[in-house]
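Residue numbers (my numbering), protein chains in the order written: chain A, 13 to 334; chain B, -9 to 572.
Here's the structure, in structure tokens; my notes come after.
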């Protein structure tokens, strides 16, 4: 008990100390070596951050459209990525294998969407989300049974591309992840606000029954969003798998980064979601500066979740307005 | 209780009693029938029952999604291993209890965000905590694990058989405690917050306390799991407490309906024997988790876990039998009225103003309810009537003006404290807690144990359902009546009724009016009645206040106000206008 306490104290002390040291580095700005190392750490977290951002995007989309927070989102993408790996290892070329992987993520997601439409059309957000917890249990088990939890060697996306910023090499996958997240957030926001189809989607999101009465194809649009969510998550997983060690369980639990990112956008704003995801990644990367804190890099999401929810819900004294 | 009732009660419960006795006998003779491996599995199932019970408390009863139960288990295991390592070896059952206690502070810490964060958001927090705890415990191995230490049980429980009996004994003890708590107000408040926090606060019960106690107890039960696993295996690693395990346990608990003891037992059996059977069949045991994940979805689709479904069927049959029995209760056995005091008014509002942003919902409302009267508050939809009730009962955070209960200002009291001080209310939408029986609900509201006769008398007075009936099996209109009865049972100084007559047939409504008229004398309490049913208002009320757009436009004697033709024409409509002429 007391050892644990001491360790906790030591941990928080270390956290503070390390941070002070890094800040000190910046202030001194001596040879720039220390600053560069910190910058490197931050950049190294960006890849996970971009995955969190992409998962967060999909979470926001399905939450707005179908009124459910899909805890199984990351596991769908992971399953798709591992399907791709199986084919790649069996001798397929990267591109066709990746297409099948993306399609697998999409199919799983669409299936869940159909289950929701068929069996839980009137259910509360809590119930529907409970269903996705059941799906998460199923997907975790199925994935571990089929692929095992050993680290897998995934082929890298854009292996030959890299950019050097301030003397730090930003590898291709990181560029791909960030680019995809930013382009999707900007593109989807523009699409939703600027096109007829986008307006229809927003109509479905805010007033599904009214939208249906107006003759908008609610079912079709909802399913399309589910499919898009599955595809995007699978893409995110393909991008980060090579650097994440390619473990099924750990990748599925990236859902927490996605949830934290989506909460940064309060499950509404896509740009804020992407920004949140990237910030989580950077903070996690900075934690790797300290050896003892490295394992807690993913726990940044938890802390952020706690802070955002406590702040955003602090005035919710009652469970219902009336 | 009359002898006939005892016989009927025994007959309706006979199957349950027989099942419990048979189960106990089976538990007792099991060790002599089983070989050591099977006994090990049976013990494991008993331990798994604790996980299910812990989820049954926090999620099943209190409705808070917790996805980190096995993290509590890890804390319990850690504490016990630490004590063992430092030579603090006590009798095994004591160690198990200490393991449970070690998890309680963390349970309480998680209840604090739960005071504001609800539903899926809470699920996100608890899953995040589970992931964090997993990392923490992988980094900080359980004391002694690295050294390969093995912690033996204390001498009395050294044999597998005695440990089995010990575990079963703890399970039974926990079940009895949970059953007893379920009959106490605290257990009722857990079921209450699942349904509506506002309803619970309106009964004068603290919502925060309900959340903290349920999380604490749940953490205690889950913490015991870790300690029991250390006692069973002598050594244990973090692998038993990963977030997946918490998720699987959650799925199993929802699937079986772990709120009830039979559900928890079933969860224990499924959790251990489904994987075991699969292993025997040469199938990977992890396929069991898929069964649980899909089973949980099935339970959610059906709206109830297995045990919940059985209970509901059983209850409905019992309710049918009960209907055939004549209701025998004299209204006379209702407790004596609240003693009168010499306050000038029961309730007095002066300058009550409520603003939502730029909208003024109530604008300087003055209102006085004289002691011992039934006072009506009427007005068109959106006039601010329910807002007034919310403000008076403490559900609106900021308002201007003063509210006096008797001679005391209550503006600084919380909703719970106001209810305790003697202001009770019902809700327009009817928020009686459906998972409680009439008896328990009334007792929860009254803050005291009540005889079945007293509750039956109260129900006879208001033409409500029998005390043993579960509110879920009662129609919505009748639930409102039970809500009124619950308010009366607390013997408040004033009772605010927000459309109690909605959903009642017209003759029931007439009876309600007659009863409302009797309330001040019989219970020593004043009534502020909101209703659109002018017949009800005319029958029951001696004074009327008319509200429109947040302002009082008329107030005074019933006849005076009804004679005020402008009021009648403008706000009550033509139909009521003709009625008032009659």
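Where a beta carbon is used, it is the ideal one built from N, C-alpha and C, also for glycine.
Fair warning: this is a prediction, and the values are worked out from it, not measured in the lab.
Go through its chain and collect everything with a Cβ distance to residue 186(B)'s Cβ below 7 angstroms, but skip five positions before and after it.
Within the second chain, residue 186(B) is the residue found at index 196, counting from 1. Answer for residue 186(B): 421, listed in chain order.
In chain order, what residues of the same chain have a beta carbon less than 6 angstroms from the beta carbon of residue 323(A), not counting five sequence neighbours either side?
Looking up residue 323(A) in the first chain gives position 311. Here the set comprises nothing.
Please report the Cβ distance between residue 333(B) and residue 286(B), rounded to the nearest whole angstrom; I am assuming they are in contact, meaning their Cβ atoms lie under 8 angstroms.
Along the second chain, read from residue 1 onward, the residue named residue 333(B) stands at position 343. Along the second chain, read from residue 1 onward, the residue named residue 286(B) stands at position 296. With a Cβ gap of about 55 angstroms, residue 333(B) and residue 286(B) do not count as contacting.
At 8 angstroms on the CB atoms, spell out the chain A contacts of residue 284(B), in chain order.
For the purposes of this step, residue 284(B) is taken as residue 294 along the second chain, with counting starting at 1. Simply 146, 150.
For residue 311(A), return the contacting residues in chain B, with the cut-off set at a CB-CB distance below 9 angstroms.
Locating residue 311(A) in the first chain gives position 299, where the first residue counts as 1. Chain B residues near residue 311(A): 118, 121, 122, 125, 126.
What residues are listed by DSSP as bridge partners for residue 185(B)?
Residue 185(B) sits at position 195 when you count from the first residue of the second chain. Beta-bridge pairing links residue 185(B) to no other residue.
Beta-carbon separation (whole angstroms), residue 164(B) vs residue 43(B), contact threshold 8 angstroms
Against the second chain, residue 164(B) aligns to sequence position 174. Against the second chain, residue 43(B) aligns to sequence position 53. At roughly 6 angstroms, the Cβ-Cβ gap stays under 8 angstroms, so residue 164(B) and residue 43(B) are in contact.
So residue 295(A) contacts chain B; which residues on that side make the cut at Cβ distance below 9 angstroms?
Here residue 295(A) corresponds to residue number 283 of the first chain, with the count starting at 1. By Cβ distance, chain B contributes nothing, its closest Cβ being about 14 angstroms from residue 295(A), past 9 angstroms.
Any contact of the stretch 230 to 248 of chain A with the stretch 315 to 322 of chain A, i.e. 3+ C-beta pairs under 8 angstroms?
no
Assuming the contact rule is C-beta atoms closer than 8 angstroms, residue 184(B) and residue 51(B) should be a hit. Round their C-beta distance to whole Å, please.
The residue labelled residue 184(B) in the question sits at position 194 within the second chain. The residue labelled residue 51(B) in the question sits at position 61 within the second chain. Residue 184(B) to residue 51(B), Cβ: 7 angstroms. Contact.
Suppose you measure from the CA of residue 65(A) to the CA of residue 51(A); what does that come to, to the nearest Å?
Sequence index remark: in the first chain, residue 65(A) carries index 53 (1-based). Sequence index remark: in the first chain, residue 51(A) carries index 39 (1-based). If you take the alpha carbons of residue 65(A) and residue 51(A), they lie about 20 angstroms apart.
Distance check for residue 162(B) and residue 46(B), CA to CA, integer angstroms please.
As a working mapping, residue 46(B) is identified with position 56 in the second chain. As a working mapping, residue 162(B) is identified with position 172 in the second chain. Cα-Cα distance, rounded: 15 angstroms.
Please return the same chain residues whose Cβ sits closer than 8 angstroms to the Cβ of residue 24(B), not counting the five positions on each side in sequence.
Translated into positions along the second chain, residue 24(B) becomes position 34. So the qualifying residues of the chain are 32.
Looking at the unbroken alpha helix (DSSP H) that takes in residue 125(A), where does it start and where does it end?
Locating residue 125(A) in the first chain gives position 113, where the first residue counts as 1. 106 to 131 is the span of the alpha helix (DSSP H), which, as asked, contains residue 125(A).
Between 373(B), 189(B), 217(B), 266(B), which has its C-alpha nearest residue 330(A)'s C-alpha?
Along the first chain, read from residue 1 onward, the residue named residue 330(A) stands at position 318. It is 189(B) whose Cα lies nearest to the Cα of residue 330(A).
Distance, residue 126(B) Cα to residue 207(B) Cα:
In the second chain, the residue the question calls residue 207(B) occupies position 217. In the second chain, the residue the question calls residue 126(B) occupies position 136. Their Cα atoms are separated by approximately 23 angstroms.
Spatial distance of residue 325(B) from residue 547(B) (CA atoms)
As a working mapping, residue 325(B) is identified with position 335 in the second chain. As a working mapping, residue 547(B) is identified with position 557 in the second chain. Each residue's Cα considered, the two are about 31 angstroms apart.
I'd like to check one pair, residue 428(B) with residue 467(B): are the Cβ atoms closer than 9 angstroms?
The count along the second chain starts at 1 and reaches residue 467(B) at position 477. The count along the second chain starts at 1 and reaches residue 428(B) at position 438. No, the pair does not count as a contact, with Cβ atoms beyond the cut-off.
Does the stretch 346 to 363 of chain B come close enough to the stretch 531 to 547 of chain B that 3 or more CB-CB pairs lie under 8 angstroms?
yes
Segment contact flag, the stretch 505 to 517 of chain B with the stretch 392 to 409 of chain B, C-beta cutoff 8 angstroms, min 3 pairs
no
On the DSSP letters alone, give me the boundaries of the alpha helix (DSSP H) that residue 224(A) sits inside.
In the first chain, residue 224(A) corresponds to position 212, counting from 1. 220 to 225 is the extent of the alpha helix (DSSP H) around residue 224(A).
Rounded to the nearest angstrom, what separates residue 183(A) and residue 87(A) at their Cα positions?
Along the first chain, read from residue 1 onward, the residue named residue 183(A) stands at position 171. Along the first chain, read from residue 1 onward, the residue named residue 87(A) stands at position 75. Roughly 25 angstroms separates the two Cα atoms.
Identify the continuous alpha helix (DSSP H) that holds residue 100(A) and give its terminal residues.
Counting from 1 along the first chain, the entry for residue 100(A) is found at position 88. Where residue 100(A) is concerned, the enclosing alpha helix (DSSP H) stretches over 85 to 101.
Report the residues of the stretch 227 to 258 of chain B with a CB closer than 9 angstroms to any CB of chain A, ordered along the chain.
232, 233, 234, 237, 238, 240, 241, 244, 245
With 16 other Cβ atoms within 10 Å as the buried cut-off, status of residue 310(B)
Residue numbering aside, residue 310(B) sits at position 320 when the second chain is read from its first letter. It is exposed - the Cβ of residue 310(B) has fewer than 16 other Cβ atoms within 10 Å.
Cα-Cα separation between residue 386(B) and residue 336(B), rounded to whole angstroms
Position 396 of the second chain, counting from 1, holds the residue named residue 386(B). Position 346 of the second chain, counting from 1, holds the residue named residue 336(B). If you take the alpha carbons of residue 386(B) and residue 336(B), they lie about 21 angstroms apart.
Cutting at 8 angstroms between CB atoms, please list the residues of its own chain near residue 10(B), excluding the five before and the five after it.
For the purposes of this step, residue 10(B) is taken as residue 20 along the second chain, with counting starting at 1. Taken in chain order, the list of residues that qualify is empty.
Contact under 9 angstroms by Cβ, residue 537(B) with residue 354(B)
Residue numbering aside, residue 537(B) sits at position 547 when the second chain is read from its first letter. Residue numbering aside, residue 354(B) sits at position 364 when the second chain is read from its first letter. The answer is no: Cβ separation not under 9 angstroms.
Cβ-Cβ separation, residue 487(B) to residue 416(B) (assumed contact under 8 angstroms), whole Å:
Within the second chain, residue 416(B) is the residue found at index 426, counting from 1. Within the second chain, residue 487(B) is the residue found at index 497, counting from 1. 5 angstroms between Cβ atoms; contact.
Helix, strand or coil for residue 8(B), going by three-state DSSP, please let me know.
What you label residue 8(B) is simply residue 18 of the second chain in a count that begins at 1. Helix, per DSSP.
Nearest CA to the CA of residue 97(A): which residue from 85(A), 81(A), 114(A)?
Residue 97(A) sits at position 85 when you count from the first residue of the first chain. Checked all of 85(A), 81(A), 114(A); the closest Cα to residue 97(A) is 114(A).
Counting only runs of 4+ residues fully inside the stretch 227 to 291 of chain A, write out the alpha helix (DSSP H) ranges in chain order.
230 to 256, 260 to 264, 267 to 276
Runs of 4 residues minimum, wholly inside the stretch 136 to 192 of chain A: which ones carry the alpha helix (DSSP H) assignment?
137 to 159
Return the first residue and the last residue of the beta strand (DSSP E) that residue 366(B) is part of.
In the second chain, counting from the first residue as 1, residue 366(B) sits at position 376. It spans 364 to 368 - the beta strand (DSSP E) in which residue 366(B) sits, taken as one unbroken run.
Closer than 7 angstroms by C-beta to residue 241(A): which residues in its own chain qualify, once you throw out the five before and the five after it? Chain order, please.
Locating residue 241(A) in the first chain gives position 229, counting from the first residue. So the qualifying residues of the chain are 70, 73, 74, 85, 121.
Per DSSP, which one or two residues make a beta bridge with residue 346(B)?
Locating residue 346(B) in the second chain gives position 356, counting from the first residue. In DSSP, residue 346(B) forms a bridge with 349(B).
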